[in-house]
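Here the structure is laid out as structure tokens; the discussion comes afterwards.
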Amino acid sequence: MAGFKSFAEVAEVEIESGLTGIVGPNGCGKSNVVEGLRWVMGESSARQMRGGEMDDVIFAGTDQRPARNLAEITLKLDNSKRRAPAEFNNDDELEITRKIERGKGSSYYVNAKPARARDVQLLFADTATGARSSGIVSQGRIGAIVGAKPVDRRALLEEAANIRGLHARRHEAELRLRAAETNLERLDDVIAGLI
Ligand code: ATP
9 MAGFKSFAEV AEVEIESGLT GIVGPNGCGK SNVVEGLRWV MGESSARQMR
59 GGEMDDVIFA GTDQRPARNL AEITLKLDNS KRRAPAEFNN DDELEITRKI
109 ERGKGSSYYV NAKPARARDV QLLFADTATG ARSSGIVSQG RIGAIVGAKP
159 VDRRALLEEA ANIRGLHARR HEAELRLRAA ETNLERLDDV IAGLI
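Going by my numbering, the sequence shown opens with residue 9, and the numbers climb by one from there.
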């Protein structure tokens with residue numbers, strides 16, 4: 009990552025299989041690393057990034073360093089077991105990049121090819137993870153799960169069953185269907201007006 013939150017310079021974090029610990033004094037950027045992971049997986053809410061707007065993830069400068077205008081994170085995933093969804097399953101490595109330029113919004117790339125936010129979000133949803141995945145347990149989350157409404161707890165089971173991507177697609181299909189129904193109704197009105 010580079011230019012993301014407190015990481016003005018290029019920083020690399022290697023996450024090995026098993027347990028990886030990130031230690032450091034208060035405010036050194038530990039949570040920013042985890043937020044970076046969620047951000048590159050397609051998080052769309054600035055509030056989830058502890059900001060007012062998405063541009064707030066860009067390094068804002070310090071007394072010694074000027075602010076940046078670009079933040080960029082690349083997530084490099086081992087795909088040697090070829091578990092990626094079919095359309096991205098051509099290489100032993102999968103590289104997902106998200107960039108944000110001040111005032112210009114985010115752009116995404118999968119293996120250096122431009123992609124949409126939705127493609128990246130679905131890629132992770134289809135592999136039972138993602139920016140809002142229960143695999144990322146933030147502070148207070150355990151209590152929230154224990155006290156969650158059944159319908160919210162069901163979302164966890166759906167994620168474990170790897171069907172969240174299907175739900176997202178169904179939701180999109182329902183929206184398209186509703187738009188088509190509205191168009192048909194409008195068409196009926198137009199036809200009625202012509203008769
Ligand atoms: P704690 O142990 O207290 O939870 P932490 O190591 O998790 O702390 P973070 O919360 O990740 O620390 O980092 C907070 C730091 O990141 C603060 O010093 C804050 O000023 C800095 N920071 C956040 N956003 C930006 C930004 N856009 N530009 C520069 N610095 C930023």
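Yeah, the Cβ is synthetic: ideal placement off N, Cα and C, and Gly gets one too. These numbers were taken from a predicted model, which means no experiment stands behind them.
Cβ-heavy atom distance, residue i to ligand 1, below 7 Å
| i | result |
| --- | --- |
| S14 | yes |
| I108 | no |
| I81 | no |
| G111 | no |
| A68 | yes |
| V154 | no |
| N40 | yes |
Spatially closest choice to residue i from the options, by CA coordinates
| i | options | result |
| --- | --- | --- |
| K13 | R58, A200, G201 and L27 | R58 |
| A10 | E61, I23 and A68 | A68 |
| A168 | R186, Y116, E193 and S141 | S141 |
| S52 | T82, E182, R124 and I23 | R124 |
Cβ distance (whole Å) where residue i is taken to contact residue j below 8 Å
| i | j | result |
| --- | --- | --- |
| V118 | F132 | Actually they are not in contact, since the Cβ atoms of V118 and F132 sit about 11 Å apart, beyond 8 Å. |
| G143 | T135 | The pair is not a contact, with the Cβ atoms about 10 Å apart (cut-off 8 Å). |
Cα-Cα separation, residue i to residue j
| i | j | result |
| --- | --- | --- |
| G37 | E80 | 16 Å |
| A188 | I171 | 26 Å |
| G173 | I199 | 39 Å |
| A156 | G44 | 26 Å |
| D100 | A54 | 32 Å |
Inter-stretch contact (C-beta, 8 Å, three-pair minimum) for the stretch 94 to 111 and the stretch 45 to 53: Verdict: yes, contact present.
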